[in-house]
Amino acid sequence: MDENASGGDSDDIDWNTDDELEIASYGLPSCSSMTVNDGETIAGSTEASSSAGSSSSKMIDHFVGMGFSEEVVAKAIQENGEQNTDLILEALLKHSASSSASSSKSKLIDHFVGMGFSVDMVAKAIQENDCTVNAVLVGLAIHVHDKAGALGQSSQAEQHINSDQNSPELDGSFLDGFSDTDSFEGEEITNPDPDKEEKLVSLASMGYSVQEASIAMERCGVHSKYCDSLWPNTSIAELTDFICAAQMAKAADALLAEIEDKPRPKPSNGYHKHKKRRMLDYEKPPIDEPIRLPNPMIGFGVPSNPDVIVHRSLPEAAAGPPYFYYENVALAPKGVWDTISRFLYDVEPEFVDSKYFCAAARKRGYVHNLPIENRHHLVPLPPQNIYEALPLSRKWWPSWDTRSHLNCLQTCIASAKLTERIRKALEECDGEPEPPHHVQKFVMDECRKWNLVWVGRNKLAPLEPDEVEMLLGFPKNHTRGGGISRTDRYKSLGNSFQVDTVAYHLSVLKEMYPDGINVLSLFSGIGGAEVALHRLGVRMKNVVSVDISEVNRNIVRSWWEQTNQKGTLIDFADVQQLDANRIEQMINAFGGFDLVIGGSPCNNLAGSNRHSRDGLEGKESSLFYDYFRILDLVKNMMQRN
DNA sequence: CACATTATGAACGCCCAT
DNA sequence: ATGGGCGTTCATAATGTG
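The opening residue of the first sequence carries number 1 in this note's numbering; numbering runs sequentially from there.
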């Protein structure tokens, strides 16, 4: 609304002045900081192949490697086509599940196989245990453990125990999350605490054999000091929950490492791993309609139209704390947002175009569990259209270029050759009052495609990096200097949040947490979330920031120091470093996270990608599952406290 | 090797006329 | 219903340059 825009409320954060002050005081860092950076180049570990087209024989090998017979695989591929690996897998699973698998069962199998377990093992576990997810998981954990034969010998976890290619899940690294307790000094096997008996009984009463339960608890570390220090009063449900979360984490890791060209499995429709769900839920076929993008794309409301939706009810499993905020491109391939939403506790995505916040479009989906009442926008308001953002270009802007907003700011810019071709074309018809229609069309098409702006007579040019910074809501020179190349500036900026948009959604945190928040920021990039919170005046007590790019981490750290943050910034290079142990450590140290925020890579979702728009299972975009993994770990651990 | 430059469509959703 | 036109898109890979 306009009154908000002009009047502004009691927000005392003046971004520009603030910035100058901050830079002026650079060199007097009063904040503590620390760097945990032991795996800077982990990205290279998943380099190998995966880009090449999936030849039929390669695909057969792939499924044969999963334990299916070649004959069955060939048949399944023939029946379902080579493209749809999900369908093929489904067919294979149905075929292999000995007991006339009900559809819900086969979907369960699908899910667990996707986590890295072998088909045989999953089928067995489902048969032996109840059909509840956690029970199956415990069964699987026990089974894996038995086969590994490593009870009480977790130090061997590093070793590649398994020599059977058909069972990649037996890789020694698979379960080392349970045993990797090096970081906890005083780790020792103590006598069984009095609790243990009780838990054994409970697990047994759930249908597990005493032996199974005992092994599972041992594996989970119920007896250990480590575990006691984590959860002094671990309940059975919590135990199975932990197994589930940690299993998923490790399974994902193992999956990535072992079979990186295998698409990550989607959960079957209607499946959720929440402990409260039961099989009944799975048996209902999904009647959910595919998620549709709103038009206009204003989500639950934007400042100029704030009350589109005043209230929403979140699924119980989604409720915070912790609050979470996930972002990605709105125009993703079909089904991607359905999957994302399904994983993120069935929260409906909020699709917003940043053209309602700044002078450039940016169509994004946000899945979050934040309240949506009483949001407020940042002040000062950023330029709302091209003229305000680039006043100097106005002089050269022809009347037939009717753009008021730029298109999405991307990671690449137009070539000089192109702008030269355009200039030539325009000069051809310089005598006339206006270029002919076909020239206008050509010029405008290229302008929209490359976000060109007028910088002189017949002269068009791509945006400068500092202009992109401004449009996205970052302080000027945010990405400048410190050894970053111009190309990388465009790339980092193009992958970032639009700060004003995100800040609008996060603004509700200010009143909720007057003392500040602890933030887990995944895929932080150049720190869009941190900048948004800072500009909102939300104090950041502890920020754990994860980004694979060193230059990005440097940008965030540099900004953190220059803005005189009082809190602590901890950064990691890779989300893989955040296993259950690390997260537990940090939660204990900080008293939990209040916000888990991040936008996972869009490389394989974005329309601009000509080469590998592979969807959510693509090489980079599948890191979404790490966002979910980590969020779910945090949620489960915090529910215990 | 780091960095800069350049060329390289397809997959959607939407709209509107059949 | 349906099919064609239209507009948009957090990019990758090959090559050049220094």
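No residue lacks a Cβ here, since even glycine has one placed at the ideal position from N, Cα and C.
Original post:
Counting pairs of beta carbons, one from the segment 421-437 and one from the segment 449-464, are three or more of them closer than 8 Å?
Top reply: yes
Subject >> Straight-line gap, D9 to V538 (C-alpha atoms, nearest Å) >> reply: Any reading at D9 must be qualified, since the residue scores a pLDDT of 32, below 50, and its modelled position is unreliable; no value is offered.
Original post:
Anyone know if the C-beta pair for A359 and L471 falls short of 8 Å?
Top reply: yes
Original post:
The alpha helix (DSSP H) with I583 in it runs from where to where?
Top reply: A580 to F590
Original post:
Counting pairs of beta carbons, one from the segment 321-331 and one from the segment 618-638, are three or more of them closer than 8 Å?
Top reply: Short answer: they touch.
**OP:** Taking R448 as the reference, give the member of E469, I413 and E432 with the closest Cα.
**Re:** I413
Original post:
Considering only C-alpha positions, which residue in the set N554, S621, M512 and E420 is nearest to G527?
Top reply: N554
**OP:** Please go through the segment 430-482 and give each complete alpha helix (DSSP H) segment of 4 or more residues, from N-terminal end onward.
**Re:** Segments of the alpha helix (DSSP H) lying fully in the segment 430-482: 437-450 and 465-472.
Original post:
Among S341, P349 and V453, which one has its Cα closest to the Cα of R394?
Top reply: V453
Original post:
Pick from G473, D346, S399 and N477: whose alpha carbon is nearest that of L409?
Top reply: G473
**OP:** Please list, in chain order, all residues of the same chain as L595 whose beta carbon is under 6 Å from its beta carbon, the five residues on each side excluded.
**Re:** Y323, I517 and V519
**OP:** Provide the residue(s) that pair with A573 in DSSP beta bridges, ordered along the chain.
**Re:** DSSP output for A573 lists no bridge partner at all.
**OP:** Can you check DSSP and say which residues form a bridge with G545?
**Re:** A small correction: the amino acid at residue 545 is Ser; Gly does not occupy that position in the sequence shown. S521 and D571, per the DSSP bridge assignment.
Subject >> Secondary structure of A359, DSSP reduced to three states >> reply: coil
Original post:
A353 lies in the beta strand (DSSP E); which residues open and close that run?
Top reply: According to the sequence displayed, residue 353 carries Asp and not Ala. Per DSSP, D353 belongs to the beta strand (DSSP E) from E350 to D353.
Subject >> Reduced DSSP category for R553 - H, G, I as helix; E, B as strand; rest coil >> reply: helix
Original post:
Apart from the five residues just before and just after N552, which ones in its own chain have a Cβ nearer than 6 Å to its Cβ?
Top reply: S492, G525 and I526
Original post:
First and last residue of the alpha helix (DSSP H) that includes E530?
Top reply: G528 to L536
Subject >> Cβ shell of P303 (< 6 Å), same chain only, five flanking positions each side left out >> reply: Taking P303 as the centre and dropping the five residues before and after it, the same chain places the C-beta of H377 closer than 6 Å to its C-beta, in chain order.
Original post:
Between the segment 599-617 and the segment 326-333, are three or more C-beta pairs nearer than 8 Å?
Top reply: yes
Subject >> N-terminal and C-terminal residue of the alpha helix (DSSP H) that G494 is part of >> reply: R486 to G494
**OP:** Kindly identify the DSSP beta-bridge partner or partners of F324.
**Re:** V596
**OP:** Go through its chain and collect everything with a Cβ distance to V455's Cβ below 6 Å, but skip five positions before and after it.
**Re:** Excluding its 5 nearest sequence neighbours in each direction, V455 has C-beta neighbours in its own chain below 6 Å: A461, listed in chain order.
**OP:** Could you tell me the distance, in whole angstroms, from the CA atom of P383 to the CA atom of H437?
**Re:** 31 Å
**OP:** Can you say whether T487 is buried or exposed, counting buried as having 16 or more other CB atoms within 10 angstroms of its CB?
**Re:** exposed
Original post:
According to DSSP, what are the bridge partners of N305?
Top reply: Looking at the DSSP assignment, N305 forms a beta bridge with V302.
Original post:
Can the beta-carbon of I386 be found closer than 8 Å to that of I309?
Top reply: no
**OP:** May I have the straight-line CA-CA distance separating T419 from K363, to the nearest angstrom?
**Re:** 26 Å
**OP:** Within its chain, find whatever has a CB closer than 8 Å to the CB of N477; leave out the 5 residues flanking it on each side and keep chain order.
**Re:** Within the same chain, D466 and E469 come within 8 Å of N477 by CB-CB distance, once the 5 residues on both sides are set aside.
**OP:** Tell me whether the beta-carbon of G431 lies closer than 8 Å to the beta-carbon of F523.
**Re:** no
**OP:** Specify the secondary structure class of I421 as computed by DSSP and reduced to three states.
**Re:** One point to set straight first is that residue 421 is Arg, not Ile, in the sequence displayed. Note: R421 maps to helix in three-state DSSP.
Original post:
In angstroms, rounded to a whole number, what distance separates the CA positions of Q565 and M540?
Top reply: 8 Å
Original post:
From E289 to R403, what distance separates their C-alpha atoms?
Top reply: 35 Å
Subject >> One or two residues paired with H377 in a DSSP bridge >> reply: Partner(s): none; H377 has no beta bridge.
Subject >> Simplified DSSP state of R364, which is helix, strand or coil >> reply: strand
Original post:
In this structure, what does DSSP give as the bridge partners for V329?
Top reply: R364
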